[in-house]
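Peer 1: The following block contains the structure, expressed as structure tokens.
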Amino acid sequence: MQRIINRPLFSGLTAARPYITPRRNLWTTVPVTEDLAKQKVSVLEKKGFILDMDGVIWHANHILPGVIDFIGWLKAENKRFMFLTNASEVSPKQLSRKMKRLTDHD
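Right, dumping it as structure tokens:
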């Protein structure tokens, strides 16, 4: 039986769910026995990321710690990324407005 790491790979980034990482185009759990430094390097080498919104980017009406820095890192490193959600009661336009409102910290 595989155990999974239940802590973030980036400091300050939190998530309610265990991590999964792509391996040979399949999603698998990350074994606890893997060296954490190798896992970090593996994440840094990824070309793109798919990010769930609820509980990963924000919770209720609060952006989660580390999200702004992580998105900044994605942009600075020219990483491709997209957001997804299963919240069918909210339109894409409403989600876009919420993202702008929560991340607009000027």
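Numbering of the sequence shown is given in numbering that gives the first Met the number 0, commencing with residue 0 and proceeding in unit increments. Yeah, the Cβ is synthetic: ideal placement off N, Cα and C, and Gly gets one too. Quick caveat, the model's predicted, so the values are computed rather than measured.
If you follow the beta strand (DSSP E) that D68 is in, where does it begin and where does it stop?
Peer 2: Taking the first residue of the sequence shown as 1, we reach residue 68 at position 69. Per DSSP, D68 belongs to no beta strand (DSSP E); it is in the alpha helix (DSSP H), 66–75.
Peer 1: Less than 7 Å between C-beta atoms, sequence neighbours within five positions excluded: which residues of the same chain meet that for R79?
Peer 2: Along the sequence shown, read from residue 1 onward, the residue named residue 79 stands at position 80. Once the five neighbours on either side are set aside, the close Cβ partners of R79 are K46, G47.
Peer 1: Could you tell me if I56 is buried or exposed, where buried requires 16 or more neighbouring beta carbons within 10 angstroms of its beta carbon?
Peer 2: Numbered from 1 along the sequence shown, position 57 holds the residue referred to as residue 56. Counting Cβ neighbours within 10 Å, I56 comes out buried, since at least 16 surround it.
Peer 1: For the stretch 85–95 against the stretch 58–66, do three or more pairs of beta-carbon atoms, one drawn from each stretch, fall closer than 8 Å, so that the two count as touching?
Peer 2: The stretch 85–95 is not in contact with the stretch 58–66.
Peer 1: For the alpha helix (DSSP H) that contains L63, what are its first and last residues?
Peer 2: To locate residue 63, count along the sequence shown from 1; it is residue 64. Segment: none, L63 is in no alpha helix (DSSP H) and carries neither H nor E.
Peer 1: According to DSSP, what are the bridge partners of L35?
Peer 2: The residue given as residue 35 occupies position 36 in the sequence shown. DSSP output for L35 lists no bridge partner at all.
Peer 1: Compute the Euclidean distance between the alpha carbons of G54 and G71, then round it to the nearest angstrom.
Peer 2: The residue labelled residue 54 in the question sits at position 55 within the sequence shown. The residue labelled residue 71 in the question sits at position 72 within the sequence shown. Those two C-alpha atoms are separated by around 19 Å.
Peer 1: Under 9 Å, do T102 and I49 count as touching if we go by C-beta distance?
Peer 2: For this step, residue 102 is matched to residue 103 along the sequence shown. For this step, residue 49 is matched to residue 50 along the sequence shown. Against a cut-off of 9 Å, the Cβ pair of I49 and T102 comes out as no contact.
Peer 1: Which of the three DSSP states, helix, strand or coil, is assigned to M52?
Peer 2: Translated into the one-based positions of the sequence shown, residue 52 becomes position 53. DSSP places M52 in coil when its eight states are reduced to three.
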